[in-house]
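Protein chains in written order, with the working numbering: chain W, 2 to 226; chain L, 314 to 735. By construction, the Cβ of each residue, glycine as well, lies at the ideal position given by its N, Cα and C atoms. Each remark here refers to the structure printed beneath this line.
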Amino acid sequence: MKILLVEDEAALRSTLVDALSQGGYVVEVAASFAQAYEKVKLYHYDCVLLDLTLPDGNGLDLLRVLKADNSPAGVLVISARDGLNDRVTGLDLGADDYLAKPFHLSELNARLRAIIRRRRFQGQHHVAFRDLLVWPEQAEVLVRGEPLTLTRKEYDLLLYLLANPGRVLTKEAIAEHLCGDAVDAADSFAFIYTHLKNLRKKLQEKGAENYIRTMYGVGYKLSVE
Amino acid sequence: MKLLAATNRYFMLLSIGLFAVGSGVLYAGVDHAVRNEVEEQLLTQRQELEAWLARGQPLPAAIFSQQYSASLRPRPLGYSDTLLLDPNEHELVPHRQLTFRVAGGVGQAPAWVTLRKSLVETDELLVATVGSMLVLLALLLGGIVVLHRYLSGRLWAPFRHTLAALRGYDLQQHQPLALPTPGIEEFAELNQALTHLSQRLVADYESLREFTANAAHETQTPLAIMQAQLEQLLQVPALADDAAAAPLLAELYGATRRLSRLHQALGLLSRIENGQYTDAVPLDLAALVREKAEQLAPLLEARDLTPHLHLAPTPPRRLHPGLADSLLHNLLHNAIRHNVPGGDVTVHLTDNVLEVSNPGPVISGDPARFFERFRKHNAASESPGLGLSIVQQICAYYGFKLSYEFVPAGARHTLRVVLHRG
């Protein structure tokens, strides 16, 4: 899956490239509006990660270009500017999603996957992991072909883990993913623990392997080994 | 006490004193003059009588017994006051009398003559004179007091205007005070000084606000780099070799996250102040509350809290979606944070009132200060204490009335937002 990362901040750009490449994406970068414009005109991408504050232009204009060209690429806006207004404007202009800087890389991964799933497969796509099969559109989880009943939050948690196989997910990232942002970390760690315990129990009851690892003091990880 | 009332009081005290002394002096003076006059008349009569006797005429017979009487028995000499019965009117009438001895002629015994003059007419004169003078004096004093009141009311009007302007002054409107220059020099100077002061205030406030906004924005990019790189660092397999390293990094990651949330909150506050959220779309508040409660369900569960949502269907309300979200999020989050285990979070939504209440321990301190920035109930809390400030700022932005109430029965805290109609 091919992604264009439009980001002018070099340090952030390289970190994002690392993280996205680890997630199995082919990443191309653009550091300015002009570069990004040229690339979206020449090539096709599955998704464009778009920073709004560029040295030579406004990322929202690039979004307008993409929409005017009827580009099939999904657009995920990442911005350090006024979160609330950019979110509204970006989504109004047809962006698929919005992430305010700073964000969790695992959250970026999950959102990217959701966008690509919606765009490329019109939702008719499943996520497979070992003995697990998930149909996100129907919110259906199968363990070795048998349906698994999960609560809404347990399902969200499982999908979040599946979006980041092999990655350590911090407690903060999980808490914010489940409850929306601006949730006090101290408040939320207890419920993450509870939900994970329940999820593990349900998976075990269906005979799934225990591939959710606890990273002591850090968070959790979906083990790929 | 009002300045006007204070000066008026001294003015009145002085007037009453002057009035009392003045009436006393006036009475005594007129009385004295009238009596002098009567005595002089009596003396003249005496001289006439003595002259009459000196010509060898006998004492006249007593025609008007009230005014003249003679006796062969000695009487106390000189002037004195007496009361005589008026035979016609049957009442006692005050008289001034003069008694003197006349030597009798040859072969005649000396006699004591008393001349009298009624004081009734002079009393009436006294009353008329003193009365009219007093009425005049009273009118004068009363007039002066009223005039003083009226004048000071008029002269102090610019001061009251200034006071009203100061009372209604709101720094957040970013406007210096526009005070007129009244004719009275002192007030003109006062207004000038105040206008100058407010201009400086506005400028200082403005630069502080810009600083906050810029600082919040400029730190987001480095924070984003820090956070992303720390998260990448957490993925490094070598971390598994040292059990202490990963938790250390995780702490650092958590701290970075807190810092960036703090900056986001500050940035949000300053942008609301700047009025940058003018977009508004019709929103169904009831649906939003339900959505938020659903989102925060894990937090509610973790604390064993029961949500009670009493949401009357309301017509859509035009609000900025982000601000509405932030308002509800902070109200609910606050009710969750300051709750007791096993408690509840109750939301009442009617046409124009949104009420969020929860049980919780008594909070000491002034409720008005709960809305201050960085105000924490628990100093050790990870929350920066900006939630209620944001709520207040959003309410102020939309002109909603926000109030806090604590009911000791059941120890419930209630935050009430009175929304505009429509």
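Helix, strand or coil at residue i [DSSP, three-state]
i: G75 of chain W; result: strand
i: A333 of chain L; result: helix
i: Y381 of chain L; result: strand
i: N349 of chain L; result: helix
i: D554 of chain L; result: helix
i: G735 of chain L; result: Caution applies to G735 of chain L, whose pLDDT of 45 falls short of 50 and renders its modelled position unreliable; the model cannot decide the point.
i: R571 of chain L; result: helix
i: M446 of chain L; result: helix
i: Y161 of chain W; result: helix
i: T427 of chain L; result: strand
i: V591 of chain L; result: Contrary to the premise, residue 591 of chain L reads as Thr rather than Val in this sequence. Correct three-state label for T591 of chain L: coil.
i: Q36 of chain W; result: helix
i: S677 of chain L; result: coil
i: L13 of chain W; result: helix
i: I213 of chain W; result: strand
i: V440 of chain L; result: helix
i: N199 of chain W; result: helix
i: G455 of chain L; result: helix
i: H509 of chain L; result: helix
i: E498 of chain L; result: helix
i: L474 of chain L; result: For the record, residue 474 of chain L in the displayed sequence is His; it is not Leu. In the structure shown, H474 of chain L sits in a helix (DSSP, three-state: H, G or I).
i: F684 of chain L; result: helix
i: G391 of chain L; result: strand
i: R725 of chain L; result: strand
i: Q705 of chain L; result: helix
Beta-carbon proximity check, residue i vs residue j, cutoff 8 Å
i: K102 of chain W; j: Q548 of chain L; result: no
i: G95 of chain W; j: L61 of chain W; result: no
i: G218 of chain W; j: A563 of chain L; result: yes
i: R603 of chain L; j: L579 of chain L; result: no
i: S80 of chain W; j: L55 of chain W; result: no
i: L645 of chain L; j: L601 of chain L; result: no
i: S224 of chain W; j: N165 of chain W; result: no
i: G120 of chain W; j: D52 of chain W; result: The sequence given here has Arg at residue 120 of chain W, not Gly. Taking 8 Å as the Cβ cut-off, R120 of chain W and D52 of chain W do not qualify as a contacting pair.
i: Y99 of chain W; j: R114 of chain W; result: no
i: L770 of chain L; j: F684 of chain L; result: There is no way to answer for residue 770 of chain L, as the model of chain L reaches only from 314 to 735.
i: V343 of chain L; j: V443 of chain L; result: yes
i: R359 of chain L; j: L411 of chain L; result: yes
i: P629 of chain L; j: L596 of chain L; result: yes
i: K154 of chain W; j: G220 of chain W; result: no
i: H461 of chain L; j: F324 of chain L; result: yes
i: P680 of chain L; j: A724 of chain L; result: no
i: D19 of chain W; j: Q545 of chain L; result: yes
i: E8 of chain W; j: L21 of chain W; result: no
i: L63 of chain W; j: Y38 of chain W; result: yes
i: V458 of chain L; j: S328 of chain L; result: yes
i: R429 of chain L; j: Q379 of chain L; result: yes
i: R409 of chain L; j: D394 of chain L; result: yes
i: V41 of chain W; j: L6 of chain W; result: no
i: I497 of chain L; j: L464 of chain L; result: no
Spatial neighbours of residue i in its chain, beta-carbon cut-off 6 Å, leaving aside the 5 residues before and after
i: G735 of chain L; result: Reliability fails at G735 of chain L, whose pLDDT of 45 lies under 50, so the model's placement of it is uncertain and no value is given.
i: Q706 of chain L; result: L582 and I585
i: E718 of chain L; result: T727
i: A383 of chain L; result: L372, A424 and V426
i: L326 of chain L; result: none
i: Y161 of chain W; result: A111 and H178
Sequence-distant residues of its chain with Cβ nearer than 7 Å to residue i (five each side left out)
i: H126 of chain W; result: R118
i: A416 of chain L; result: P423
i: L450 of chain L; result: F332 and G335
i: K68 of chain W; result: L94 and G95
i: D57 of chain W; result: S33, F34 and A35
i: L618 of chain L; result: I649, N652, G656, D657 and V658
Residues near residue i in its chain [Cβ-Cβ closer than 8 Å; skip 5 each side]
i: F104 of chain W; result: I79
i: F500 of chain L; result: P471, F472 and T475
(request) Tell me the start and end of each unbroken beta strand (DSSP E) in the stretch 615 to 665 of chain L that is at least 3 residues and wholly inside, in chain order. (result) 619 to 624, 630 to 632 and 657 to 662
(request) Pair every Cβ in the stretch 718 to 735 of chain L with every Cβ in the stretch 656 to 672 of chain L, then say whether three or more of these pairs are closer than 8 Å. (result) yes
(request) Could you tell me whether the stretch 555 to 569 of chain L touches the stretch 208 to 218 of chain W, where touching means 3 or more Cβ pairs closer than 8 Å? (result) These segments touch.
(message) Restricting to runs no shorter than 3 residues, where is the beta strand (DSSP E) found entirely within the stretch 84 to 159 of chain W?
(response) 98 to 101, 128 to 130, 133 to 136, 141 to 144 and 147 to 149
(message) Using 8 Å as the cut-off, can you tell me whether the stretch 654 to 663 of chain L makes contact with the stretch 316 to 326 of chain L, which would need three or more C-beta pairs spanning the two stretches below that distance?
(response) By the Cβ test, the stretch 654 to 663 of chain L is not in contact with the stretch 316 to 326 of chain L, since fewer than three Cβ pairs between them sit closer than 8 Å.
(message) Any contact between the stretch 465 to 480 of chain L and the stretch 361 to 375 of chain L? By contact I mean 3 or more CB pairs, one from each, below 8 Å.
(response) Judged by pairs of C-beta atoms under 8 Å, the stretch 465 to 480 of chain L does not touch the stretch 361 to 375 of chain L, as fewer than three such pairs exist.
(request) Determine contact between the stretch 609 to 626 of chain L and the stretch 566 to 576 of chain L, defined as no fewer than three beta-carbon pairs at a distance below 8 Å. (result) no
(message) Check whether the stretch 197 to 215 of chain W and the stretch 346 to 362 of chain L are in contact - that is, three or more C-beta pairs closer than 8 Å.
(response) no
(message) Taking contact to mean 3 or more Cβ pairs, one atom from each stretch, closer than 8 Å, check whether the stretch 482 to 494 of chain L and the stretch 504 to 515 of chain L are in contact.
(response) yes
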